[in-house]
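Protein sequence lines correspond, in order, to chains A and B. According to my numbering, the first sequence holds residues 1 to 189 in order. According to my numbering, the second sequence holds residues 1 to 208 in order. Just so you know, even glycine gets a beta-carbon here, dropped at the ideal spot from N, CA and C. Note that the structure is predicted; figures quoted are calculated from it, not measured. Working notes for the structure below.
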Amino acid sequence: MTPSRRRRWRPRAAALVVAGAALGPLATTGPAQAAPWEGSATASAPVTMARWGSGLSLVAGAGTVSADRTTWSTTTTVATQAGYLDLVNTGTVPATLSLDVSVGAVVGGAPVTVCSVAWNTSADTCAGTTTTVGLAALVGRTAGSWTSPALVAPGDGVHLRVKLGGVVSGVTVTATTVVPRPAADRTQG
Amino acid sequence: MSTDPQHPQAPAPCARHGRRRRLAGAATLAVAGTALVGTGAFSSWGATASATGGLTAGSVAVSMVDANGGSFSTAVGNLLPADYFYRYVDVTNSGSAASTFTGSVSATGALAGQLQVDVTSCSVAWTTVSGASTCPGTTTALASGTPTTATPLTVAHGSIGTGAGNAQHVRYKVTFSAGASSTLQGAGGSIAASVSNTVVGGTDRTGG
């Protein structure tokens, strides 16, 4: 009995598969590739962005500072008294600091004076230079703004005295804009 | 029986014995000659020449040497928008042959994407005069861009010869974005530069 054509081809196909498996890897193996040699060098530097801000700090006398340190205020008073506070640079870079003053006066006023050094709160004197914050009369109140004339170093502050006299219905000092130093070449740090 | 008058004790050889001895001597010479031929022990005149070629494996190495009195790795804190700083590096091919080098600058952390980098080479060493970065020779812009963590800035350093004398004098100027958001205050990151080269053999070195 003659084996079918399919049966005759079966061993040949198997042989072809075996031959292909054996020769395939040989066919894909070309000329040996030279292994690349690599040289490299790296340098890196950490960088950090600055922070800037300001806050009020009561040194002595009247008034209270808000929890977020943005305002100092007193309620209505009829007696003459003073509040000493610092406007502090809470950032990490030198900056100019600013504040607003608002006085609701019935009779009298609350002049705000800046001292170039810390106030002597017991003697109520300034050993440095004083600058008075100009206030303008508005309807029912007086108000003014002040900006430090020079950059204030981080951690340093400007020293304020708010002297309450007469009958005032409330005084508020608010720390406002902080302008950090101008951009600069930081190659040296 | 006759005797040799010089050697009266030695018997005189007979003609038959003398022929045998000659035959034996001839045979001995023949055998010895054959042996000499077989062993190749002929005397000969010879000349030998040899040549030696010195072979040395090449080397691949690159270094980034701080230059112009600074250090690349010096930290820069309290950056404000539009602040900038320079870093100077001499890229030195410490390998055994001139090669083409490629570099990259990457930024990581919250400040990635906020640092503009300009890479420039100078034909001679950079100097700083009165606080100003100066190239006394010719400058070549190598790359500019704002790298991110995912997309470093690629720097084409080109071909650099071997040795410190052929070092490429590179300046990196890093500028913090003038429009950086204030929400980034206090954020940190890093800027990194790298230089590398790859050399593949397989070339015909017959000519040297």
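Where residue i meets chain A, residues with beta-carbon distance less than 7 Å
i	result
Asn213 (chain B)	Residue 213 (chain B) is absent from the structure shown; chain B starts at 1 and stops at 208.
Thr138 (chain B)	In chain order: nothing, as chain A lies at least about 22 Å away.
Leu111 (chain B)	Val47, Met49
Val199 (chain B)	Pro36, Trp37
Environment of residue i [buried if 16+ CB atoms lie within 10 Å]
i	result
Pro149 (chain A)	exposed
Asp83 (chain B)	buried
Ser54 (chain A)	buried
Trp45 (chain B)	exposed
Arg186 (chain A)	buried
Thr92 (chain B)	buried
Asn197 (chain B)	buried
Ser106 (chain B)	buried
Gln114 (chain B)	buried
Ser190 (chain B)	buried
Leu153 (chain B)	buried
Val139 (chain A)	exposed
Amino acids of chain B, ordered along the chain, whose beta-carbon sits closer than 9 Å to that of residue i
i	result
Asp185 (chain A)	Asp83, Tyr84, Phe85, Tyr86, Gly131, Ala132, Ser133
Gly155 (chain A)	Result: empty, since nearest Cβ-Cβ is about 13 Å, beyond 9 Å.
Ser44 (chain A)	Phe72, Ser73, Ser106, Thr108, Ser190, Ile191, Ala192, Ala193, Ser194
Gly243 (chain A)	There is simply no residue 243 (chain A) to check, as chain A begins at 1 and stops at 189 in what is shown.
Interface partners of residue i on chain A, CB under 8 Å
i	result
Leu142 (chain B)	Neighbours of Leu142 (chain B) on chain A: none; closest Cβ ~16 Å, over 8 Å.
Gly202 (chain B)	Gln33, Ala34
Val89 (chain B)	Ala43
Backbone CA spacing between residue i and residue j [nearest angstrom]
i	j	result
Ala50 (chain A)	Val178 (chain A)	13 Å
Tyr88 (chain B)	Gly158 (chain B)	18 Å
Val199 (chain B)	Val60 (chain B)	7 Å
Thr77 (chain A)	Lys173 (chain B)	58 Å
Thr148 (chain B)	Asp90 (chain B)	24 Å
Ala150 (chain B)	Leu85 (chain A)	49 Å
Pro180 (chain A)	Asn78 (chain B)	11 Å
Ala184 (chain A)	Phe176 (chain B)	10 Å
Thr132 (chain A)	Pro154 (chain A)	24 Å
Leu80 (chain B)	Thr176 (chain A)	19 Å
Ala35 (chain B)	Ala57 (chain B)	Reliability fails at Ala35 (chain B), whose pLDDT of 48 lies under 50, so the model's placement of it is uncertain and no value is given.
Gly189 (chain A)	Ala193 (chain B)	19 Å
Phe72 (chain B)	Ala95 (chain A)	28 Å
Gly40 (chain B)	Ala35 (chain A)	A caution first: Gly40 (chain B) carries a pLDDT of 49, below 50, which makes its placement in the model unreliable, though a value can still be read off. In a straight line, the C-alpha of Gly40 (chain B) is about 50 Å away from that of Ala35 (chain A).
Secondary structure of residue i, DSSP reduced to three states
i	result
Ala62 (chain A)	coil
Ser182 (chain B)	helix
Gly165 (chain B)	helix
Gln116 (chain B)	strand
Val174 (chain B)	strand
Pro180 (chain A)	strand
Trp72 (chain A)	strand
Phe72 (chain B)	coil
Val158 (chain A)	strand
Cys221 (chain B)	A question about residue 221 (chain B) goes unanswered here, because the residues of chain B that appear run from 1 up to 208.
Ser50 (chain B)	coil
Arg141 (chain A)	strand
Leu80 (chain B)	coil
Ala67 (chain A)	coil
Ala123 (chain A)	coil
Asp204 (chain B)	coil
Gly189 (chain B)	strand
Ala43 (chain A)	strand
Thr80 (chain A)	coil
Ser59 (chain B)	coil
Leu164 (chain A)	strand
Ser123 (chain B)	coil
Trp52 (chain A)	coil
Residues of its chain near residue i, where Cβ-Cβ distance is below 8 Å and the 5 sequence neighbours each way are ignored
i	result
Pro5 (chain B)	Legend: pLDDT at Pro5 (chain B) = 46, less than 50; position of this residue unreliable, no value from coordinates given.
Thr162 (chain B)	Asn93, Ser94, Gly95, Ser96, Ala97, Ala98
Listed by chain order, chain A residues near residue i by CB distance under 9 Å
i	result
Gln185 (chain B)	Met49, Ala50, Arg51, Trp52, Gly53, Gly91, Thr92
Gly95 (chain B)	Trp37, Gly39
Thr127 (chain B)	Simply none; closest approach about 13 Å.
Own chain partners of residue i with C-beta closer than 6 Å, once the 5 adjacent residues on each side are dropped
i	result
Val37 (chain B)	Residue placement at Val37 (chain B) is poorly supported in this model, since its pLDDT is 48, which falls under 50; the coordinates are not used for a value here.
Ala62 (chain A)	Thr74, Gln81, Gly83
Thr133 (chain B)	According to the sequence provided, residue 133 (chain B) is Ser. The question's Thr does not apply to it. Hits under 6 Å: Tyr86.
Arg161 (chain A)	Ala82, Tyr84, Thr113, Trp119
Cys122 (chain B)	Cys135, Gly137, Thr139, His169
Val76 (chain B)	Phe85
Gly70 (chain B)	Tyr88
Trp72 (chain A)	Leu56, Gly63, Val65, Leu85, Val173
Same chain, Cβ closer than 7 Å to residue i, neighbours up to 5 away in sequence not counted
i	result
Asp124 (chain A)	Ala82
Gly199 (chain A)	With chain A covering only 1 through 189, there is no way to say anything about residue 199 (chain A).
Ala67 (chain B)	Tyr88, Val89, Asp90, Ala125, Trp126, His169
Ser116 (chain A)	Gly128, Thr129
Gly145 (chain B)	Val117, Leu153
Within chain B, partners of residue i - CB distance below 7 Å
i	result
Ala41 (chain A)	Val62, Ser63, Met64, Ser194, Val195
Under 8 Å by beta carbon: chain D residues contacting residue i
i	result
Pro180 (chain A)	The structure shown contains no chain D; the protein chains it does contain are A and B.
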